[in-house]
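S.K.:
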Amino acid sequence: KNQVEQSPQSLIILEGKNCTLQCNYTVSPFSNLRWYKQDTGRGPVSLTIMTFSENTKSNGRYTATLDADTKQSSLHITASQLSDSASYICVVSGSGGYNKLIFGAGTRLAVHP
Amino acid sequence: GAGVSQSPSNKVTEKGKDVELRCDPISGHTALYWYRQRLGQGLEFLIYFQGNSAPDKSGLPSDRFSAERTGESVSTLTIQRTQQEDSAVYLCASTQWWTAETQYFGPGTRLLVL
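In order, the protein sequence lines correspond to chains A and B.
Here the first sequence is numbered in our numbering, starting from 690 and rising by one per residue.
Here the second sequence is numbered in our numbering, starting from 31 and rising by one per residue.
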């Protein structure tokens, strides 16, 4: 069964600190992996998209890594800000005729002053 | 419009009633997706439209759920005889082509079935 699991389920950090969120998947065949940020009451917004040939990708203070061999990804947030408080969702796309995505349950991050 | 829009933003209904949710994708986007997000859970794929092709309905949880899309424009998701377990946020997303990498999500419709 294709699955995407994220950890931790929730996380509290102090403003200015770094943190790393984890994503493990069993989706096969694999096409790409995405990280989304979802603010409370809003739709998800794409942060990064990585194919199997990419190991790391950055978007400002967000850096995603991918190990296609171990089927693991991480999202590292540097110098956190209060506005980083949100749910971070890992999404994996299997290859096929269309872009059907499998979503993780997300990690809820709270950044405190 | 600048992004994907959905209406209504909130909907409260009584068990057994029918509801209709609307999604306006980004103009020119050929692919449209509906997802459901229950409280504290991940997104569940419901249905996918690509141009004039037959939609992928594999994610619809029951025959009470149906969706339509007119060409490459607005889509409606209909839930008949609503149940309390249908309470969730229903999200719509669109992409320019089926191979496009970025899905653009709407703000969602929050459905509460009493």
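Glycine included, each C-beta is placed from N, C-alpha and C at the ideal position.
1) Should the stretch 755-769 of chain A be called in touch with the stretch 42-59 of chain B, which here means at least 3 C-beta pairs below 8 Å?
2) Are the Cβ atoms of A/TYR777 and A/LEU790 separated by less than 8 Å?
3) How about A/SER735: is its C-beta nearer than 8 Å to some C-beta of chain B?
4) Can you tell me which of the three DSSP states A/GLY786 falls into?
5) Is it right to say A/LYS726 is buried, meaning 16 or more other beta carbons lie within 10 angstroms of its own, or is it exposed?
6) How do the stretch 763-780 of chain A and the stretch 702-713 of chain A stand: do at least 3 beta-carbon pairs fall below 8 Å, yes or no?
7) Contact between the stretch 131-140 of chain B and the stretch 78-87 of chain B: three or more CB pairs below 8 Å?
8) Have a look at A/ASP773, A/HIS801 and A/ALA753 and flag the residue whose alpha-carbon is nearest the alpha-carbon of A/LEU803.
9) Would you kindly work out how many angstroms separate the C-alpha atoms of A/ILE701 and A/THR729, rounded to a whole number?
10) Less than 8 Å between C-beta atoms, sequence neighbours within five positions excluded: which residues of the same chain meet that for A/PHE741?
11) What residue range is occupied by the uninterrupted beta strand (DSSP E) comprising A/HIS765?
12) Let's see if you can read the secondary structure: which residues bound the beta strand (DSSP E) around A/ILE702?
13) Quick check on B/GLN113: buried or exposed, where buried means 16 or more other Cβ atoms within 10 Å of its Cβ?
M.R.: Considering the structure as presented:
1) These segments do not touch.
2) Numbered from 1 along the first sequence, position 88 holds the residue referred to as residue 777 of chain A. Numbered from 1 along the first sequence, position 101 holds the residue referred to as residue 790 of chain A. No, these two residues do not count as a Cβ contact at 8 Å.
3) As a first step, residue 735 of chain A is located in the first sequence; it is residue number 46 there, counting from the start. Taking Cβ atoms only, chain B reaches closer than 8 Å to A/SER735, which makes this a yes.
4) As a position in the first sequence, residue 786 of chain A is number 97, starting the count at 1. Any reading at A/GLY786 is ruled out, since the residue's pLDDT is 49, under 50, leaving its predicted position unreliable.
5) In the first sequence, residue 726 of chain A corresponds to position 37, counting from 1. The residue is buried, with at least 16 neighbouring Cβ atoms inside 10 Å.
6) yes
7) no
8) Nothing about residue 803 of chain A can be reported from this structure: the residues present for chain A run from 690 to 802 only.
9) For the purposes of this step, residue 701 of chain A is taken as the residue at position 12 of the first sequence. For the purposes of this step, residue 729 of chain A is taken as the residue at position 40 of the first sequence. Their Cα atoms are separated by approximately 16 Å.
10) Here the question's residue 741 of chain A lines up with position 52 in the first sequence. PHE719, SER720, ASN721, LEU755 and ALA757, listed in sequence order.
11) Within the first sequence, residue 765 of chain A is the residue found at index 76, counting from 1. That run of the beta strand (DSSP E) goes 761-766.
12) Translated into positions along the first sequence, residue 702 of chain A becomes position 13. Start and end: 699-703.
13) For this step, residue 113 of chain B is matched to residue 83 along the second sequence. When all chains shown are included, B/GLN113 counts as exposed.
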